[in-house]
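Q: Next up is a structure, given as structure tokens.
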Amino acid sequence: MVPHALRRVVLLALLLLGTTGGAALAQGRPVLSITAPGAEDVTRTGPVVVASHMLTGRKMQELLASGFPARLHFTVELWSVGGWVNDLERVTEWDVVVRWLNVEHAYEVTQVTGNQPFSLGKFAQLNDAAAAVARPVRAPIVAFADGKRFYYQATLTVETLSLSDLDEVERWLRGEFQPAVRGQRNPGTVLGRGLKTLATRLLGGEKREYTERTPVFAPGDSRR
Amino acid sequence: MTRRHLLAVAAMALSALAPAARAQQRDEPARDAAAAAVAAYNAERTMRVMGVLDVAAERTIEGDVAVLNGPVRVAGRITGTLVAINADVRLAPGASLGALIVVGGTIAGREGATVHGEVLRQPELLRYRLADGRLVADAEPAYEEAWWKRRPRRRAVPPDDRSWRDLTFTSAHTYNRVEGLPIVVGPRIHQVTNWGRFTLDAFGIMRTAGPVRWNRETLGHDVTSELQLGRKLGLGVGGRTFDIVEAVEPWQMDDAESGLAAFALHRDFRDYYRRHGGQGFVKLHAGVDADLTFSLGDERWQSAPERDPISLLRSDEPWRLNPYMDEGTIHLATTRLRVDTRGGESALWGGWYLDAQIERGTGRLERDPGLLTVIPFPEDVAYTRGFLDARRYTRLAPDASLNLRFVTGGWMAGDRLPMERRLSVGGPATLPGYDFRRTWRVDPDVLTCGGTNLPGAPALCDRVMLFQAEFRGDFHMGWVRNDARDDWWRPGFNRHAAWVLFADAGRGWNVGAPGATTYAKDDLPPLATFRTDVGAGLDFGSFGVYLAKATSTAREPMNVIVRLRHRF
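Chains as they are written, first to last, in my numbering: chain A, 59 to 282; chain B, 117 to 684.
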């Protein structure tokens, strides 16, 4: 039988471990939020989307520091509520790309909307880059007053590899070596790139998705 | 003077009139704070900074300061207004500001600092452009009702569509009991011009299935060239010459999935024949969403006996015989329409997939005699065959979708179809409640139309019809791992998945004098004769596990199916 004192020590240790883990989780866990505008503005302005702590994980930091860009793809949809089936009414999309500039020793954050890049700045500290990513963005889609009830849904896909890198590694894994001799890439680096990308996969550089939605609202409903 | 200028002047006047007052922070309506910030940035005497601004404790900046992107750290004094656009502001204890306007950023340390004037703040990001040093805020699309409608519904031609050429050495991305792993070697040219593009893929093929013989069983080729006029909309003209091994029914399962099943499980879900010849084609295309192709070909068809490639499991078992095919020369005139509106990566509204083909074949073929012990002789053949695969993907809610598929095809006119053009249903890709090419519990055999009585169990139906429906619901699966602790070495999982409920109904039949599996050319079999199944499963994206049960044949046991793709 385990003595009471020992049991207490074990319980305390477990409690401390749990508390520490919980605190770390609360600080660093990525959070996506979407907030619908107030009742009086609901037909004039769109929801506000915030993606917090998306770059603060250790793994993400390692990947960025290794030269792998992070791509955050935002999709915001306006759905109307139906009896059996909901209807997708409006959609907007944009991207935020974060990459480490080795020459400048800075993280560059760029928002891309409709193929138009917009710089959110270059930052020496990753926390500042994460703050730029977390700037609230008002999605340019609005509800309309025709008796329907609506809700917004935000989806964020985070990739730690660019699409071209993903394509390349998929071809590489299939046994195709042509990316090395295409375009302006250095053929000598194909093995290194492949191994590096495989290592990234092992580190967990896969696509990750977050979703969040607002409560249902009706334009003109001031009880919200 | 514009409204923006007036607002800016008003904001600055406020800061001048109340220098000693401890101002209250206000989250301004977006346009007001942004307009004030833009006007202040563009004012002549404003000091402009791009990036980091550090004002040390002993430093004083006279006048107004505007910062883009930041961050801004103030421990000293700014006598005028600090404007931070898309920047966070951190105020140290003792910092002193004339006024503060923050757009698209946060304010920290406000309680220990002194702001003599007003504090305006808009949390949301401000999109702008710099023109001749002046900052111009982008129009706010939220207030333009038609903005969302301008979102392109059709996928654009990839912007990185640029010229390249290379020497390819790759697998053909499949594996089968006739070829093993085909290796493809050869040059590729992709030349993009202002008026279109030119492509050439010239591949030699080496088949690795043993026993290796250095003849046409082992070596082949596939050379395709196309000249395309117009990039978004246009016309393409091309030609192809080939000596390849082709699947009889490629519509059921794609190359990679059937290849992996053959390599890993020793189960090859396709039959094959040899094609040797050439064709020319004209293609009308609309971006990457749709194209209409007319082709004329002249080729020789032959049986392709199975060989003995390795497999991971059951490698000591014999492969299923690759059925005998009709052999001879054939001229083919084909029209094919392909439409795919399923969208890019997000498939927002769902979409349509349509693949429709009509083929007219004429030539001389030696028909496979089946179980008859006769010597086949060449006979003239002329047939018309149609095929339609139509799918609708519909999102019912953000995390739910209903997908429907209708496939039909087969004989339309002329002589009976060659073996290479016959059809079947049944198996994991079409009716998963029924085993692939094992129909002894199904009487009459409406899945292969008697093919299971022949060596290799070929597809023998003149026509097939298949309905598939599935309801999918997305959900998140997390166990032990989560977003903060998702290292590769941790046990557990953390990913999105979908549960799937599905139902299928389908059958095949022959055309001729009415019988158990034969109907007149203008008749359709009664729906009650269709074989049906229902099932459920989990789709993890890269693979899915499903349980399927035949409902129209009670004796058929439940099947467990693993798919490497979505069901359709």
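Yeah, the Cβ is synthetic: ideal placement off N, Cα and C, and Gly gets one too. Only a predicted model underlies this, so the values are computations on that prediction, with no experimental measurement involved.
Would you list the residues sitting across from Met581(B) in a DSSP beta bridge?
A: Partner(s): Thr524(B) and Arg623(B).
Q: Does any residue of chain A have a CB that is nearer than 8 Å to the CB of Asp370(B)?
A: By this cut-off, Asp370(B) is not an interface position.
Q: Which chain A residues are close to Asp204(B), counting only those with a beta carbon under 7 Å from its beta carbon?
A: By Cβ distance, chain A contributes Ala189.
Q: Using a beta-carbon distance below 8 Å, is Leu241(B) in contact with chain A?
A: So, interface residue.
Q: Assign Val199(B) to one of two classes, buried (16 or more other C-beta atoms within 10 Å of its C-beta) or exposed (fewer than that).
A: That one is buried.
Q: Less than 8 Å between the beta carbons of Thr633(B) and Pro560(B), yes or no?
A: Their beta carbons are under 8 Å apart, which means Thr633(B) touches Pro560(B) by this criterion.
Q: Less than 8 Å between CB atoms is the rule here; does Leu178(A) satisfy it with respect to chain B?
A: Yes, contact with chain B.
Q: Taking buried to mean at least 16 other C-beta atoms within 10 Å of its own C-beta, is Asp432(B) buried or exposed?
A: By the neighbour-count rule (16 or more Cβ atoms within 10 Å), Asp432(B) is not buried but exposed.
Q: With distances taken Cα to Cα, identify the nearest neighbour of Met322(B) among Lys399(B), Gly543(B) and Tyr291(B).
A: Comparing Cα-Cα distances from Met322(B) to each of Lys399(B), Gly543(B) and Tyr291(B), the minimum goes to Tyr291(B).
Q: Pick out whichever of Thr489(B), Gly466(B), Pro514(B) and Gly567(B) has its Cα sitting closest to the Cα of Leu520(B).
A: The candidate whose alpha carbon is nearest that of Leu520(B) is Gly466(B).
Q: Using beta carbons (cut-off 8 Å, strictly below), is Leu582(B) in contact with chain A?
A: No, no contact with chain A.
Q: With DSSP as the reference, label Leu429(B) as helix, strand or coil.
A: It is coil, neither helix nor strand.
Q: Does any C-beta atom of chain A lie closer than 8 Å to the C-beta of Ala691(B)?
A: An answer regarding residue 691(B) cannot be provided, because it is not within the stretch 117 to 684 covered by chain B.
Q: Which whole runs of the alpha helix (DSSP H) in the region 328-400 of chain B are 4 residues long or more, in chain order?
A: Correct list: 371-381.
Q: Leaving out five residues before and five after Leu570(B) in sequence, what residues of the same chain have Cβ atoms less than 6 Å from its Cβ?
A: The residues are Gly486.
Q: What residue range does the alpha helix (DSSP H) around Lys117(A) cover?
A: Taken as a continuous stretch (DSSP letters only), the alpha helix (DSSP H) holding Lys117(A) covers Arg116 to Ala123.
Q: For the beta strand (DSSP E) that Asp186(A) lies in, which residues bound it at each end?
A: Counting along the chain, Asp186(A) falls outside any beta strand (DSSP E), though it belongs to the alpha helix (DSSP H) covering Leu184 to Val191.
Q: Compare the C-beta of Pro273(A) against all C-beta atoms of chain C and say whether one is closer than 8 Å.
A: This model lacks chain C altogether, as its protein chains are A and B.
Q: Looking at the structure shown, is Ile677(B) part of a helix, part of a strand, or coil, going by DSSP?
A: Ile677(B): strand per DSSP, three-state reduction.
Q: I'd like to know whether the C-beta atoms of Phe314(B) and Val339(B) end up nearer to each other than 8 Å.
A: Taking 8 Å as the Cβ cut-off, Phe314(B) and Val339(B) do not qualify as a contacting pair.
Q: State yes or no: is the beta carbon of Trp158(A) nearer than 8 Å to at least one beta carbon in chain B?
A: So, not an interface residue.
Q: Can you name the start and end residues of the beta strand (DSSP E) that Phe503(B) belongs to?
A: Element bounds for Phe503(B): Pro494 to Ala513.
Q: Below 8 Å between beta carbons is the criterion; list the residues of the region 96-118 of chain A that meet it against any residue of chain B, in chain order.
A: Per Cβ criterion, the list reads Arg102, Thr103, Gly104, Val106, Gly115 and Lys117.
Q: Can you give the Cα-Cα distance for Gly192(B) and Tyr157(B), rounded to whole angstroms?
A: When rounded, the distance between both Cα atoms is 21 Å.
Q: Look at the Cβ atom of Gln169(A), then the Cβ atom of Trp152(A), and state whether they are nearer than 8 Å.
A: Result yes, Cβ atoms of Gln169(A) and Trp152(A) sit closer than 8 Å.
Q: Can you tell me where the beta strand (DSSP E) with Ala212(A) in it begins and where it stops?
A: Run containing Ala212(A): Phe208 to Glu217, per the beta strand (DSSP E) assignment.
Q: Give a yes or no on whether the minimum CB-CB distance between Pro685(B) and chain A is below 8 Å.
A: Residue numbering for chain B in the displayed model covers 117 to 684; residue 685(B) lies beyond these limits and cannot be assessed.
Q: Tell me whether Leu643(B) sits in a helix, a strand or coil according to DSSP, three-state version.
A: In this structure, Leu643(B) counts as helix in the three-state DSSP scheme.
Q: Hey, would you say Gly526(B) sits closer than 8 Å to Val580(B), going by beta carbons?
A: Yes. Within cutoff.
Q: Could you please tell me which residues of the region 612-643 of chain B, in chain order, have their CB closer than 7 Å to any CB of chain A?
A: Those would be His612, in chain order.
Q: I'd like to know if Asn519(B) contacts chain A, where contact means its C-beta is closer than 8 Å to some C-beta of that chain.
A: Judged by the 8 Å Cβ criterion, Asn519(B) is not in contact with chain A.
Q: At the level of alpha carbons, what is the spacing between Glu482(B) and His392(B)?
A: Whole-angstrom Cα-Cα distance: 16 Å.
Q: Using a beta-carbon distance below 8 Å, is Arg196(A) in contact with chain B?
A: It does; some Cβ of chain B falls within 8 Å.
Q: Among the residues of its own chain, which have a CB less than 8 Å from the CB of Phe591(B), if the five just before and after it don't count?
A: Around Phe591(B): Asp515, His612, Ala613, Ala614 and Trp615.
Q: Can you pull the chain B neighbours of Val155(A), defined as C-beta to C-beta under 8 Å?
A: Within chain B, no residue comes near Val155(A); the closest Cβ sits about 15 Å away, beyond 8 Å.
Q: At a Cβ cut of 9 Å, what residues of the region 164-196 of chain B count as close to chain A, listed as they run along the chain?
A: From the region 164-196 of chain B, only Met166, Gly167, Val168, Leu184, Asn185, Gly186 and Pro187 have a Cβ closer than 9 Å to chain A.
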